[in-house]
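Shown next, in structure tokens, is the structure this report addresses.
There are 2 protein chains.
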Amino acid sequence: MTKQNDLLNLLLYASNQELEQQIPYIYPSDLLDVINDDNLEEEIIYKIINRLPNDMIGQLLDEEEQEDKYELLLRVQQNRHSAVLEEMSSDELVDMFETIEDKSIVDDLMAALTQENKSDVELLMTYEPDTAGGIMATEFINLYDNKKVQQVLEYLQEIKDQVESQYALYVTDKQNTLKGVVSLSDIATTEFSVPISDIMNPNVISVHYDMDQEDVAKVFDKYNLPVIPVIDDDNHILGIVTFDDIIEVITQEATADIHQLAGIDADEDADSSVKETVRSRIPWLIINLLTATVSSSIVAYFSSTIAQVVALAALMPIVTGMGGNVGSQTYTFTIRSLATGKLDKSNERLVFNREMKAAFINGIIISILAFFLGTFIGQDLQIGIIVGASMLLSMLFAAALGYLIPSVLNKMDIDPAIASSVLVTTLTDSFGFLVFLGLSTTFMEYLL
Amino acid sequence: MTKQNDLLNLLLYASNQELEQQIPYIYPSDLLDVINDDNLEEEIIYKIINRLPNDMIGQLLDEEEQEDKYELLLRVQQNRHSAVLEEMSSDELVDMFETIEDKSIVDDLMAALTQENKSDVELLMTYEPDTAGGIMATEFINLYDNKKVQQVLEYLQEIKDQVESQYALYVTDKQNTLKGVVSLSDIATTEFSVPISDIMNPNVISVHYDMDQEDVAKVFDKYNLPVIPVIDDDNHILGIVTFDDIIEVITQEATADIHQLAGIDADEDADSSVKETVRSRIPWLIINLLTATVSSSIVAYFSSTIAQVVALAALMPIVTGMGGNVGSQTYTFTIRSLATGKLDKSNERLVFNREMKAAFINGIIISILAFFLGTFIGQDLQIGIIVGASMLLSMLFAAALGYLIPSVLNKMDIDPAIASSVLVTTLTDSFGFLVFLGLSTTFMEYLL
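If you read the sequences in order, they're chains A and B.
Sequential numbering of the first sequence, starting at 1, is according to my numbering.
Sequential numbering of the second sequence, starting at 1, is according to my numbering.
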């Protein structure tokens, strides 16, 4: 808090000269905290923003949440828009444009860009949002391999502003074909007279522009690189993806999986409106209502059995509930292991066997407990046996489906996080009711 | 695959000289893929590993999964162990030591370390694993602020090996107090004659050694920095955390949340044994069995109502199931939003109101559908009304608890991912049975 207050005071009361001196040491995210404080008056926010130099406003726009970028731009004096847009990252510009509903505004803003920036933005807009091309930035530094380290250092000094938040330099030919990579630490640790061709790594880890962002994240995770270039079919470099994009992707994808497992939209968040929340959740509820009628019909089919032994009605939910728990443990584990790449062809049989063995052991333990519980609640040893037996069968069935359904969906290239839960739950519930009430009906003579 | 084969051929058949030339361009993770191929004979793996230079083996050990590091070390010739350990990162060394059960082996390995490395490892072992101190490395570069850029470049050339995968240099005084930070790109873009004090940023974003790793990840996400220094109470720099540690933390924490929501251990994975799997899952199943008896007793209490109208038995699971779905949608959303920091004090009332409004709208829609379904299955308009009404009440109850329980647990500093699901499910189920069977009993005269 005091940090935020100090910054606010600086922004409001420092002389222009003092502010200018301090600006390089201020982090855009800290500045955003200050201007996004709800207690601040609009007028003061406007005043603060317009005291800032163009490049800092550009950084603020880069850092601001996608849906708030344009609102922030509207607080900048109109005559500075063009200069400020020029300072933004091309990928962040595209993100901002995507949120503006009135396309004539986008056209006006595009018209204010330099030709180079404009064609970068137009290029980026052609890629799918969830691919390497969709998350890359077009700002990267390339050089030819005939340069020496000292020349490169001098070149970097010249283009200082572009080097900020770059971690590697790419060696290309005149056609932009990627020939090698040199990290900034290579540059900083090599004697000035060494040619770049001697220190560049020709074995460049790159990703194709249409690679899914989740797979791009796996490449980052594997190689621990801060930046990876994006290429086309002919190995031309198109842009770069950096670790901070990937941190966002991983968080986003984990949220998507967690949400989808519970039947809510991947991108619902705390800012969603009531309408969006309803839309995000009602489809799953309707599907569940409909599938629940399947298991309900099974119960209805056995209503004469229940009428004869009412204790069964009280025990039913325990049997199906336990099947449901085992099912969700298994599909959750399977879905997450597929997502993180820990479960693949190499170990699928092993994991399936382990799942079934664990379900069998858990099934035996729980069935014995359930037998005592059933005997106690049903006031009948025979009911206890039926509860125990159908519990064990339900748990094994749930474990098998909990593993197989997401695995098969994954092989069919369907996101297992979306459909597994409803399929496993419906089938497990139905099976549980069927086994429990079926066994009870078969052995009815012993229960009366 | 061909890439892996090419690499295998190089490792097996290249001359020593050729291999030496190629080594700098080989990524440790690619090498691990080769030697971890199950089809490769042990003898060949041994041969490959021992052709590699010490620093590459050190990098392999750094990269290898924690539980497999020591196994890899055992494949290295005994007389090279000491040299190879010296090449490892201090934090990875600690990770490896933690997996060795026989502590006398750890003592022997520790004895082989240089004094400096040994004290780094001993220091790291004192920190909690899930904190900044527990994930940091002690390899960082510090310098004094009286140096000029050219001197720094020359110094970096001297200590070349230590600069690999460093992104920033830390300016300290003789007591190691952190005074500022200079990024490698600052160094590479500033004229040689400028003193470091002119370009260092005194406003260093740092984290305290006991900060929870999840909070460290939030600092990275906020500032988009590739590296953040770890400090003690007196602002002495102790180590650094880099973006690749954070990518691992985010993936780990998301897995933990997903697992815990389904009632399995945070660290269960595809390598877990049957025993570990059973241990990970049985506690949750037992808890659920016991809590299910609570709702079961409620049903048992109403057994005379069910005996009179058996259709109720078939409809019950639909009512409680729908409450369960709304509950899990709401607690999942709440838990994830708390974890990503999107839900906090500033918007908690807003989000709660939105949740309740959405639950009300969804409740009305689903209740109307359920009314028709209940009328159809129960063959009775009155039963339809009771199904609809208890559904609406259950859904509102589930939404309220689904929001409130994780929020309160979070304020009590209890991880909401662990306990929310069982609490919300038990209470929602019980409430569902109670309302549905209670209403049915009260209006029994209309149902017969």
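Heads up, the beta-carbon is just placed ideally off N, CA and C, and yes, glycines get one too.
Being a predicted model, the structure only gives us computed values, none of them experimental.
In the structure shown, the three-state DSSP call for Gly239(B) is strand. A distance below 8 angstroms between beta-carbons, with the five flanking residues on each side excluded, links Val76(A) to the following residues of its chain, in chain order: Ile49, Asn50, Ile57, Val84. Straight-line measurement puts the Cα of Thr131(A) at about 13 angstroms from the Cα of Gln252(A). Per DSSP, Gly180(A) is one residue of the beta strand (DSSP E) stretching across 178-183.
Across the segment 292-315 of chain B, CB contacts with chain A closer than 9 angstroms involve Ala292, Thr293, Ser295, Ser296, Ser297, Ile298, Val299, Ala300, Tyr301, Phe302, Ser303, Ser304, Ile306, Ala307, Val310, Ala311, Leu312, Ala313, Ala314, Leu315, in sequence order along the chain. Between the segment 270-280 of chain B and the segment 283-297 of chain A there are fewer than three C-beta pairs closer than 8 angstroms, too few to call the two in contact. Apart from sequence neighbours up to five positions away, no residue of its chain approaches Glu41(A) with a beta-carbon distance below 7 angstroms. Shown here for Lys179(A): same chain residues with a beta carbon closer than 7 angstroms to its own, the five before and five after excluded, namely Asp145, Val171, Thr172, Asp173, Pro202 in chain order. Interface residue (Cβ-Cβ distance to chain B less than 8 angstroms): Lys342(A) is classified as such. Distance from the CA atom of Asp212(A) to the CA atom of Asp267(A), rounded to whole angstroms, is 17 angstroms. The beta carbon of Gln22(A) lies closer than 8 angstroms to those of Leu10, Ala14 in the same chain, with the five residues before and after it left out. One alpha carbon belongs to Lys118(B), the other to Asp68(B), and they sit about 22 angstroms apart. Taking C-beta atoms as the reference points, Leu261(B) and Ser421(B) count as a pair closer than 8 angstroms. Note on geometry: alpha-carbon atoms of Glu355(A) and Leu369(A) lie some 21 angstroms from one another.
With contacts defined as CB atoms closer than 8 angstroms, Ala399(B) and Ala359(B) qualify as a contacting pair. Counting along the chain, no beta strand (DSSP E) covers Val149(A); the unbroken alpha helix (DSSP H) around it starts and ends at 149-158. Within the segment 142-156 of chain A, those residues whose Cβ lies closer than 8 angstroms to any Cβ of chain B are, in chain order, Leu153, Leu156.
Counting along the chain, Thr172(B) sits inside the beta strand (DSSP E) bounded by residues 168-172. Put simply, the CB of Glu18(A) is far from chain B, with every gap to its CB atoms at 8 angstroms or more. With contacts defined as CB atoms closer than 8 angstroms, Ile26(A) and Leu12(A) fail to qualify as a contacting pair.
For Val230(A), the uninterrupted beta strand (DSSP E) segment begins and ends at 227-231. Taking 8 angstroms as the cut-off, the beta carbon of Ser89(B) is found no closer than this to the beta carbon of Glu154(B). Residue state for Leu143(B) is assigned as strand, using DSSP reduced to three classes. Ranking Phe433(B), Leu427(B), Gly324(B) by CA distance to the CA of Phe302(B) puts Phe433(B) first. Straight through space, the alpha carbons of Asn39(A) and Thr426(A) are spaced by roughly 49 angstroms. Per DSSP, reduced to three states, the secondary structure at Asp107(B) is helical. From the listed residues Asp55(B), Thr442(B), Glu20(B), Asn5(B), the smallest Cα separation to Asp37(B) is found for Asn5(B). Under the three-state reduction of DSSP, Asp212(A) is assigned to strand. Taken atom to atom, the span from the alpha-carbon of Asp245(B) to that of Thr189(A) is near 24 angstroms. Following the DSSP letters along the chain, one finds Ile45(B) inside the alpha helix (DSSP H) bounded by residues 42-51.
Note: Thr251(B) is not bridge-paired with any residue in the DSSP secondary-structure output. Looking from the CA of Ile205(A), the closest CA among Ser197(A), Ile196(A), Ser183(A), Asp198(A) belongs to Ser183(A). With contacts defined as CB atoms closer than 8 angstroms, Met316(B) and Met391(B) fail to qualify as a contacting pair. Contacts with chain B at 8 angstroms (Cβ-Cβ) include Asp244(A). When only Cα atoms are considered, Met444(B) and Ala300(B) end up about 17 angstroms apart.
Contacts with chain A (Cβ-Cβ distance below 7 angstroms) from the segment 400-426 of chain B involve no residue at all.
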